[in-house]
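Below is one structure; the comments refer to it alone.
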Ligand code: CMP
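Residue numbers (the numbering used here): 46 to 190.
This is the structure:
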């Protein structure tokens, strides 16, 4: 299996719920290694740009309003099969449909306040990582766990 990178965002509801540490712990437990990380309060323009593919969707305006309602934690996760693995750890977009022991099942409120974002493909992961991080902000370090 290939080592991949994926973009993860802990959304404003995750910060409000005080679970940054719990989310990071799940990633680390599942061998998703944080290699870049920043807390950031997205501007409307940044949120609109990030979610541009959803521009025509009825929930776009509310999504942007929510994502700019408070700070987020953006990070790059690295590991074997990281894109799919992160999606497994997150669970379905709608927490009502999320499998047991997933982040969204355990912590999300609803489809909007769903605690975490993760890239949905390796192609989008590259685009999303570049949206938030320069190459020089992504670190390499050994894991002795
Ligand atoms: P995310 O993985 O960040 O990508 C797009 C987001 O749109 C999604 O998670 C949801 O939080 C949000 N969203 C809000 N309403 C809906 C909806 N009805 N269907 C799908 N996504 C929605």
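Each residue gets a CB set at the ideal place from its N, CA and C atoms; glycine is no exception.
Being a predicted model, the structure only gives us computed values, none of them experimental.
Check whether the Cβ of residue i sits closer than 7 Å to any heavy atom of the ligand CMP, and report yes or no.
i	result
residue 147	no
residue 193	Residue 193 cannot be examined here, being either before or after the span of the chain that is shown, 46 to 190.
residue 241	Outside the displayed range of the chain (46 to 190) lies residue 241, so it cannot be described from this structure.
residue 173	no
residue 159	yes
residue 108	yes
residue 118	no
residue 186	no
residue 176	no
Which value, in whole angstroms, describes the spacing of the CA atoms of residue i and residue j?
i	j	result
residue 103	residue 69	31 Å
residue 50	residue 121	6 Å
residue 117	residue 162	10 Å
residue 188	residue 83	20 Å
residue 64	residue 126	25 Å
residue 160	residue 58	6 Å
residue 52	residue 141	23 Å
residue 99	residue 186	35 Å
Just tell me which of the options has its CA closest to the CA of residue i.
i	options	result
residue 85	140, 171, 60 and 184	60
residue 154	137, 100 and 81	137
residue 62	115, 166 and 171	115
residue 152	135, 165 and 168	135
residue 87	112, 105, 72 and 98	112
residue 56	167, 158, 47 and 46	158
residue 173	156, 46 and 54	54
residue 47	67, 73, 167 and 101	167
residue 108	190, 171 and 156	156
Q. With contact counted as at least three CB pairs below 8 Å, one residue from each stretch, are the stretch 125-132 and the stretch 172-184 in contact?
A. no
Q) Contact between the stretch 109-126 and the stretch 63-80: three or more CB pairs below 8 Å? A) yes
Q) With contact counted as at least three CB pairs below 8 Å, one residue from each stretch, are the stretch 83-102 and the stretch 145-155 in contact? A) By the C-beta criterion, the stretch 83-102 is judged not to be in contact with the stretch 145-155, since fewer than 3 inter-stretch pairs fall below 8 Å.
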